[in-house]
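Novice: Quick one: the structure is below, and I'll ask about it shortly.
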Amino acid sequence: QQQKATLQHYFDMLGLRDFERILKSYPHQLSGGMLQRLMIILALALQPDIIIADEPTTALDAITQYEVIEELREVKEKIGCAMIFVSHDLAVVKSIADQVIVMRNGDVVEAGPAHQLFTAPQHAYTQFLIAARDRVTRYYKSLRGDASC
1 QQQKATLQHY FDMLGLRDFE RILKSYPHQL SGGMLQRLMI ILALALQPDI
51 IIADEPTTAL DAITQYEVIE ELREVKEKIG CAMIFVSHDL AVVKSIADQV
101 IVMRNGDVVE AGPAHQLFTA PQHAYTQFLI AARDRVTRYY KSLRGDASC
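Going by UniProt numbering, the sequence shown opens with residue 1, and the numbers climb by one from there.
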């Protein structure tokens, strides 16, 4: 009963509804976004000092990615724990990280404040990643611009 109350507390904290229905559901009956949220709730129930979120937005649509990121940000602020956020998605990293570590082939090539890494990367590999992301962003913006003409 205590465990159920703890889960209900974190369920409510994330603003989720239908606790009883979801609790009785099988994983295949839930969306990918709901499964990610449930993993966050299970992690929170352990009251950790550090949460390791390994690719928490992979295979989620853009809207659900945004919601999960906002929920992780809210959790971090409300419970005051540290979070290690592992992702290959630079836009997601830029939106949530305070500090960034860039790795290549298992080695750290650059580390520092997120703002600094995204505005003035020092290592050639980090510069390559940022430039590639910027090229893709510009390309998609140009497509949207052409489509609206």
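Note that beta-carbon positions come from the ideal geometry of N, C-alpha and C, so glycine has one too.
(1) Which residue spans inside the UniProt domain "ABC transporter" (3 to 58) form an unbroken alpha helix (DSSP H) run of at least 4?
(2) When you compare only the Cα positions, how much space is there between Leu60 and Tyr139?
(3) Assign Ala82 to one of two classes, buried (16 or more other C-beta atoms within 10 Å of its C-beta) or exposed (fewer than that).
(4) Contact defined as beta carbons within less than 8 Å: I believe Glu55 pairs with Leu14. What is the distance between those atoms, to the nearest angstrom?
(5) Relative to the C-alpha of Pro27, which residue among Leu35, Ala132, Met103 is closest?
(6) For the alpha helix (DSSP H) holding Ala114, just list the boundary residues, first then last.
(7) Val68 and Arg17: beta carbons closer than 8 Å?
(8) Please classify Pro121: is it buried, with 16 or more other beta-carbons within 10 angstroms of its beta-carbon, or exposed?
(9) Look up Asp61 in the DSSP assignment and give the residues it is bridged to.
(10) Here's a check: name, in chain order, each residue in its chain whose Cβ is nearer than 6 Å to the Cβ of Arg104, leaving out the five neighbours to either side.
(11) Applying the 10 Å Cβ sphere with the 16-neighbour rule, what's the burial state of Cys149?
(12) Where does Asp134 fall in DSSP's three states?
(13) With Val92 and Thr57 assumed to form a contact (beta carbons below 8 Å), what rounded beta-carbon distance in angstroms separates them?
(14) Buried or exposed: which applies to Val100, given that a residue is buried once 16 or more other Cβ atoms fall within 10 Å of its Cβ?
(15) I'd like the ranges of any alpha helix (DSSP H) spanning at least 4 consecutive residues and lying wholly in the stretch 77 to 106.
(16) Taking just the CA atoms, how far does Leu44 sit from Tyr10?
Specialist: Reading it off the structure:
(1) Fully enclosed alpha helix (DSSP H) runs of 4 or longer: 19 to 23, 32 to 45.
(2) Going by the C-alpha atoms only, they are around 22 Å apart.
(3) exposed
(4) No, Glu55 and Leu14 are not in contact; Cβ-Cβ is about 19 Å, not under 8 Å.
(5) The closest CA to that of Pro27, considering only Leu35, Ala132, Met103, is found on Leu35.
(6) Looking at the DSSP string, the run of the alpha helix (DSSP H) that includes Ala114 is 114 to 119.
(7) no
(8) Sixteen is the threshold: when 16 or more other Cβ atoms of the shown chains lie within 10 Å of the Cβ of Pro121, as they do, the residue is buried.
(9) According to DSSP, which records beta bridges pairwise, Asp61 is partnered with nothing at all.
(10) Tyr125
(11) Because the pLDDT at Cys149 is just 42, under 50, the model does not fix this residue reliably, and the value given afterwards should be weighed accordingly. It is exposed - the Cβ of Cys149 has fewer than 16 other Cβ atoms within 10 Å.
(12) Assignment of Asp134 by DSSP, reduced to helix, strand and coil, places it in the helix class.
(13) 6 Å
(14) buried
(15) Listed in chain order, the complete alpha helix (DSSP H) runs (minimum 4 residues) inside the stretch 77 to 106 are 90 to 96.
(16) 7 Å
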